[in-house]
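*Asks:* Quick one: the structure is below, questions incoming.
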Amino acid sequence: MKTENFKLPVEKPSLELSKPAADVIPQLLLAGAVLGGGFVLYQLLKKQKKKQSLPPLPKEKVPRMTTSQFVNSMTMILFDMAYDKLKNYASKANSKMP
110 MKTENFKLPV EKPSLELSKP AADVIPQLLL AGAVLGGGFV LYQLLKKQKK
160 KQSLPPLPKE KVPRMTTSQF VNSMTMILFD MAYDKLKNYA SKANSKMP
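With our numbering applied, the sequence shown has no gaps in its numbers, which climb one by one up to 207 at the end.
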């Protein structure tokens with residue numbers, strides 16, 4: 110049994126870039142330079158911030174509102190605002206009456 114060698118035609122890739130790819134490369138290089146520069150600046154600022162950081166302030170006990178106190182105060186403020194609006198509206202309506 111005799112086998113023959115078949116060779117498929119192979120296209121050699123060209124080293125020249127197509128026009129759209131050639132237009133994109135400078136933009137990619139510029140974007141890479143901007144990102145790289147931004148990253149370097151970020152690292153430098155982070156390092157400088159660590160050197161200049163102040164010691165933490167002593168924590169003081171601050172009286173804080175409980176959730177129910179906060180909700181009650183917000184409700185009172187909203188009712189007060191609504192009451193003022195209604196009173197203002199009623200006074201305007203009464204002044205327009207003959």
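Every residue gets a Cβ at the ideal spot worked out from N, C-alpha and C, and that includes glycine.
#1: Rounded to whole angstroms, what's the CA-CA distance from Glu-198 to Ile-186? Just pull it up for me.
#2: Terminal residues of the continuous alpha helix (DSSP H) containing Asn-181?
#3: Secondary structure at Leu-117, three-state DSSP: helix, strand or coil?
#4: Helix, strand or coil, according to DSSP, for Leu-144 in the structure here?
*Replies:* So, from the data block:
#1: Along the sequence shown, one-based indexing puts residue 198 at 89. Along the sequence shown, one-based indexing puts residue 186 at 77. Looking at the sequence shown, residue 198 is not Glu but Tyr. So the two alpha carbons sit approximately 18 Å from each other.
#2: Residue numbering aside, residue 181 sits at position 72 when the sequence shown is read from its first letter. Its alpha helix (DSSP H) spans residues 176-205.
#3: Here the question's residue 117 lines up with position 8 in the sequence shown. Three-state result, Leu-117: coil.
#4: Position 35 of the sequence shown holds residue 144. Three-state result, Leu-144: helix.
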